[in-house]
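Protein chains in written order, with the numbering used here: chain A, 65 to 356; chain B, 327 to 512.
We put the beta carbon where it would ideally sit given N, CA and C, even for glycine.
Worksheet for the structure shown next.
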């Protein structure tokens, strides 16, 4: 039987209250949202917080809100809500692509976007999604609010810039015209960690050339996006040879490890093939937006 | 710590340790052993209960986190002597073999039908994709949910899915769908 080590439990009643509790209980306290990463780690005693601060009552952090040229998503928004949002699917189809393959439908009822990003598992899908969409993380702490680009938010596996006394409150996604995005993952079965995945976001100029592009990989040993691919794609007319070359660059840039999910060669092959597919799909979606 | 919640319509109050998981609280404190405890790692889904109408894996929810919420277990499916159509469907279409995954499967099916009263087989398969039947009886589980969808008021237990779903042979369709899935995955 897997039971966590003893801890004290408290429910936060507001963001301010959560911050106060974090300050009061210090380094031995952890925030719990969906709990589908933290509780398994606590059961295995890999994590032994003395205090659990439950933020599930903070409904003010559960929202999807269009605000000018940004889409604001509360950190406590559940995976199921993101998957089912037609507004998100229209603006950022990559989110629906990714959400459909995150864990399983029952786990998605509990898990949250903020929890996934703060857990920062190398096989976590939404980090790649946020990277390629150029999202910003809104973090609140005792000193007030700070807004970080994803490149500054990530600090490596299981680490983020969110301090012990801070709370990730919101993600902001820039809305761009003539944009398309896509995500594709290979997993051994539903709910397993990814063998590998790729995400792409593309913005087209009025003449149909690629104005901006970002390619990211999940579980393939690459932090941040494939800079070489972005440089290659910018200013070019979308075409198959370009996607092939971007795939080659992604495969060269990644640094996968061999494990029970596959050898390095296979994972590099996935980086290549999945990059081609998501770029093809992202460009097709961007072109449809343009026609629309 | 003291917790209060509603379980199958009844208010319950208990004094528990914060680390008690909802599945153990339901089974050991409330004595409702219809909720099964399986893998302990939120993979198998036999411990699924409904929390405010949504399926959750109760091995990965603290009882403390469920406080103030509305929990429904397999014991809360039937009303009196009348089985829920999902339970009837599992009887009619042989949806259970060893029975271990059945409570979780039935609760997920109930939540699916509450949200989408006429799911197709793909939607049913997706809904139960986080749950494992080690007898591998998925085809009959899907047919059981279809039966429940076709009989929202239960009753008439003589009709079979084959008769209800346009007389088509759903078993053959299932095999075709599985083959297609396997091809896509490879």
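Apart from the five residues on each side of it in sequence, which residues of its chain come closer than 6 Å, Cβ to Cβ, to residue i?
i, result
"residue 171 (chain A)", "100"
"residue 485 (chain B)", "Note on residue 485 (chain B): pLDDT 47, under 50, position unreliable in the model; the coordinate value appears next. So the list is empty, once near-sequence residues are dropped."
"residue 338 (chain A)", "248 and 262"
"residue 214 (chain A)", "194, 195 and 199"
"residue 144 (chain A)", "172 and 173"
"residue 328 (chain A)", "320 and 322"
"residue 98 (chain A)", "174, 175, 176 and 179"
Looking at the C-beta of residue i, does it have a partner C-beta in chain A at a distance below 8 Å?
i, result
"residue 453 (chain B)", "yes"
"residue 475 (chain B)", "no"
"residue 364 (chain B)", "no"
"residue 327 (chain B)", "yes"
"residue 371 (chain B)", "yes"
"residue 374 (chain B)", "yes"
In chain A, which residues lie with their C-beta within 8 Å of the C-beta of residue i?
i, result
"residue 294 (chain B)", "Missing from the structure shown is residue 294 (chain B); chain B here goes from 327 to 512 and no further."
"residue 391 (chain B)", "96, 99, 118 and 120"
Check whether the Cβ atoms of residue i and residue j sit closer than 8 Å, and answer yes or no.
i, j, result
"residue 261 (chain A)", "residue 290 (chain A)", "no"
"residue 181 (chain A)", "residue 163 (chain A)", "no"
"residue 83 (chain A)", "residue 229 (chain A)", "yes"
"residue 196 (chain A)", "residue 236 (chain A)", "no"
"residue 140 (chain A)", "residue 122 (chain A)", "yes"
"residue 477 (chain B)", "residue 414 (chain B)", "yes"
"residue 246 (chain A)", "residue 264 (chain A)", "yes"
"residue 76 (chain A)", "residue 119 (chain A)", "yes"
"residue 320 (chain A)", "residue 284 (chain A)", "yes"
"residue 259 (chain A)", "residue 253 (chain A)", "no"
"residue 176 (chain A)", "residue 142 (chain A)", "yes"
"residue 334 (chain A)", "residue 250 (chain A)", "yes"
"residue 242 (chain A)", "residue 167 (chain A)", "no"
"residue 334 (chain B)", "residue 402 (chain B)", "yes"
"residue 137 (chain A)", "residue 234 (chain A)", "yes"
"residue 344 (chain B)", "residue 216 (chain A)", "no"
"residue 255 (chain A)", "residue 330 (chain B)", "no"
"residue 133 (chain A)", "residue 302 (chain A)", "no"
"residue 294 (chain A)", "residue 270 (chain A)", "no"
"residue 462 (chain B)", "residue 420 (chain B)", "no"
"residue 332 (chain A)", "residue 310 (chain A)", "no"
Please list, in chain order, the chain B residues whose beta carbon lies closer than 9 Å to that of residue i.
i, result
"residue 66 (chain A)", "347, 366, 367 and 385"
"residue 113 (chain A)", "Within chain B, no residue comes near residue 113 (chain A); the closest Cβ sits about 11 Å away, beyond 9 Å."
Counting only beta-carbon separations shorter than 8 Å, does residue i have a partner in chain B?
i, result
"residue 168 (chain A)", "yes"
"residue 103 (chain A)", "yes"
"residue 107 (chain A)", "yes"
Excluding the five sequence neighbours on either side, which residues of its own chain have a C-beta within less than 7 Å of the C-beta of residue i, listed in chain order?
i, result
"residue 92 (chain A)", "113, 114 and 115"
"residue 219 (chain A)", "225"
"residue 373 (chain B)", "349, 361, 362, 363, 364, 383, 384, 385 and 430"
"residue 416 (chain B)", "422, 428, 432 and 470"
"residue 160 (chain A)", "147, 152 and 153"
"residue 308 (chain A)", "340"
"residue 300 (chain A)", "273, 274 and 306"
Got a sec? Which residues, its chain only, sit under 8 Å from residue i by beta carbon, not counting five neighbours each side?
i, result
"residue 69 (chain A)", "106, 109 and 112"
"residue 94 (chain A)", "102, 111, 113, 115, 116 and 117"
"residue 79 (chain A)", "122, 124, 125, 204, 231 and 233"
Residues of chain B with CB closer than 7 Å to the CB of residue i, please, in chain order.
i, result
"residue 81 (chain A)", "Near residue 81 (chain A) there are no residues of chain B at all, since even the closest Cβ is about 16 Å away, more than 7 Å."
"residue 254 (chain A)", "455 and 456"
Mind pulling the chain A residues with CB within less than 9 Å of residue i?
i, result
"residue 429 (chain B)", "Under the 9 Å cutoff, chain A gives no residues; its nearest Cβ is about 13 Å from residue 429 (chain B)."
"residue 382 (chain B)", "170, 171, 173 and 174"
"residue 434 (chain B)", "169 and 170"
For a contact defined as C-beta to C-beta under 8 Å, what are the partners of residue i on chain B?
i, result
"residue 331 (chain A)", "Within 8 Å Cβ-Cβ: nothing; residue 331 (chain A) doesn't reach chain B, min ~17 Å."
Closer than 8 Å is the cut-off here; do at least three beta carbon pairs connect the region 380-397 of chain B with the region 429-442 of chain B?
yes
Taking one C-beta from the region 386-404 of chain B and one from the region 451-466 of chain B each time, how about it: are there three or more such pairs within less than 8 Å?
no
Would the region 393-406 of chain B count as touching the region 332-346 of chain B if we require 3 or more Cβ pairs under 8 Å?
yes
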